[in-house]
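A short worksheet on the structure shown next.
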Amino acid sequence: MKKFSFIFALVLLACLTGLAQEKGYYYIKGQVLDQATGQPLSYASVVAQNTTIGVLTDSTGAFSIRLPEGGYTLSFSFAGYETGSMRVSRQSAEEELFITLKPGSQQLDEVTIVLDLELKDGWERYGEFFLENFIGKSENALQCIIQNPEDLHFYFYKNRNTLKVVSSEPIVVENFALGYTLKFAIDSFTNNFDTRISTFAGYPFFEEMEGTSAQKKFWAKNRKATYYGSLLHFMRALYARQLEAEDFELNFFNPSGDKSAVEVSDIYQALHFNTDSLGVVSIQPEFPVMSIAYRRDKPEANYIKIDPRANREFQISTLLFNSKEPLFVEENGYYYEQTEIITNGYLGYKKIADLLPFDYLPFSKD
1339 MKKFSFIFAL VLLACLTGLA QEKGYYYIKG QVLDQATGQP LSYASVVAQN
1389 TTIGVLTDST GAFSIRLPEG GYTLSFSFAG YETGSMRVSR QSAEEELFIT
1439 LKPGSQQLDE VTIVLDLELK DGWERYGEFF LENFIGKSEN ALQCIIQNPE
1489 DLHFYFYKNR NTLKVVSSEP IVVENFALGY TLKFAIDSFT NNFDTRISTF
1539 AGYPFFEEME GTSAQKKFWA KNRKATYYGS LLHFMRALYA RQLEAEDFEL
1589 NFFNPSGDKS AVEVSDIYQA LHFNTDSLGV VSIQPEFPVM SIAYRRDKPE
1639 ANYIKIDPRA NREFQISTLL FNSKEPLFVE ENGYYYEQTE IITNGYLGYK
1689 KIADLLPFDY LPFSKD
């Protein structure tokens, strides 16, 4: 009896130790199946969008993916099937997920439908323009290379004066400034030459580059510099109600009024800031235009070259809220719907070359 008690105590201690090591993380478990037959899809890809985290299903289609605290969108893909996605958070860990995928490829169908409009010399005519508006013009962008430009398809709609770019395969971007290989499954990139507004939709996955110890130190330094003042940094500071402490200054504007800022006594009240019982923050600003000044750093020299009238002391950006629906923000800076805000100014200048994964931290969790 004493021997049994001793073994039980060891097992209990091991379990408690394991739980302690997992603080700050949760697991999402489930199975990926064929929608029509219900058969498991072995070795399907399960990826947390905009992170470095991904797994494959086993021979029974089952998966278990470990996620740091916060919200994520999981993408499920398998060769010959349409990609599926699902938004998850810690609450999703309470039950097993069953994901069904439909045979076919929606993206390739789209390419086939508009085949007659494809520009045969699209890369030659618009490749540089695409790079500047997708990768960006920042200092980090100068150290980025697209490895598969041949997979990009360019279309021009004369009646709308609009360029559209789609890709038959994920765009592979080598970011030698931050030490990531970025695989971006782009749904589409569009630019309206009348409004001069570029938009793109899709999901990225990050892979750490192999490097020497010197390279890794260089990347760590660049990642930290890129993080501070970024949209990811802003969303995390907003979630924690630490905007002022993190050197973000907000001003609100009413587009129907004059150009002067609207005076507010409490920025969180003006944002209609609310935290629900699950720890998810929602905001619904009274005014649809918000100016953000990041006062800790100056803008890059290249940004001043592009816009000589820009503020040289602080990084000034504008967020335009595109919807009257609330914007939801989670602990790791994940927010949705991501199409509900348009960035302009300094944050608009920072594009894919300055993107960091949602599981990035500028400090160690230990």
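Numbering (the working numbering), first residue to last: 1339 to 1704.
The C-beta atom is built at its ideal place from N, Cα and C for all residues, glycine as well.
Review point. Residue 1424 lies in the beta strand (DSSP E); which residues open and close that run?
Key: Indexing the sequence shown from 1 puts residue 1424 at position 86. Segment 1422–1426, the beta strand (DSSP E) holding residue 1424.
Check your understanding: Taking three-plus beta-carbon pairs below 8 Å as touching, is the region 1568–1588 in contact with the region 1535–1553?
Key -> A contact between stretches requires three or more CB pairs, one per stretch, nearer than 8 Å, and the region 1568–1588 fails this requirement with the region 1535–1553.
Practice item. Output the distance between the C-alpha atoms of residue 1552 and residue 1558, rounded to the nearest integer angstrom. Key: Within the sequence shown, the letter at position 214 stands for residue 1552. Within the sequence shown, the letter at position 220 stands for residue 1558. The alpha-carbon of residue 1552 is positioned some 10 Å away from that of residue 1558.
Practice item. Using a Cβ cut-off of 8 Å (strictly closer), state whether residue 1575 contacts chain B. Key: Among the chains of the structure shown, chain B does not appear; only one protein chain is present.
Review point. Which value, in whole angstroms, describes the spacing of the CA atoms of residue 1682 and residue 1397?
Key: Residue 1682 sits at position 344 when you count from the first residue of the sequence shown. Residue 1397 sits at position 59 when you count from the first residue of the sequence shown. Cα to Cα, the separation comes out at about 46 Å.
Review point. Leaving out five residues before and five after residue 1676 in sequence, what residues of the same chain have Cβ atoms less than 7 Å from its Cβ?
Key: As a working mapping, residue 1676 is identified with position 338 in the sequence shown. There are no such residues.
Exercise for review: Please state whether DSSP places residue 1620 in a helix, a strand or coil.
Suggested key: Within the sequence shown, residue 1620 is the residue found at index 282, counting from 1. Strand, per DSSP.
Check your understanding: Are the region 1411–1426 and the region 1453–1469 in contact at 8 Å, needing three or more beta carbon pairs?
Key -> The count of Cβ pairs closer than 8 Å, one atom from the region 1411–1426 and one from the region 1453–1469, stays below three, leaving the stretches out of contact.
**Study point:** Inter-residue spacing [alpha-carbon to alpha-carbon] between residue 1483 and residue 1512
**Key:** Position 145 of the sequence shown, counted from the start, is the residue given in the question as residue 1483. Position 174 of the sequence shown, counted from the start, is the residue given in the question as residue 1512. Going by the C-alpha atoms only, they are around 5 Å apart.
Point to revise | Length of the line joining the Cα atoms of residue 1498 and residue 1531 | key: Along the sequence shown, one-based indexing puts residue 1498 at 160. Along the sequence shown, one-based indexing puts residue 1531 at 193. Straight-line Cα distance between these residues: approximately 9 Å.
Exercise for review: Under 7 Å Cβ to Cβ from residue 1651, same chain only, skipping five residues before and after it: list those, please.
Suggested key: Reading the sequence shown from its first residue, position 313 is the one you call residue 1651. Once the five neighbours on either side are set aside, the close Cβ partners of residue 1651 are 1636.
**Study point:** Sequence-distant residues of the same chain with beta carbon closer than 6 Å to residue 1515, five excluded per side
**Key:** Counting from one through the sequence shown, the residue named residue 1515 turns up at place 177. Scanning its chain for C-beta atoms nearer than 6 Å, with the 5 sequence neighbours on each side dropped, one finds around residue 1515 the residues 1478, 1481, 1560, in chain order.
Review point. Could you check where the beta strand (DSSP E) with residue 1367 kicks off and where it finishes?
Key: Counting from 1 along the sequence shown, the entry for residue 1367 is found at position 29. The continuous beta strand (DSSP E) containing residue 1367 extends over residues 1363–1372.
Review point. Using the beta-carbon count (16 or more within 10 Å), is residue 1660 buried or exposed?
Key: Position 322 of the sequence shown, counted from the start, is the residue given in the question as residue 1660. So residue 1660 ends up on the exposed side.
**Study point:** Euclidean distance between Cα positions of residue 1581 and residue 1664
**Key:** Looking up residue 1581 in the sequence shown gives position 243. Looking up residue 1664 in the sequence shown gives position 326. Between residue 1581 and residue 1664, the C-alpha separation is close to 19 Å.
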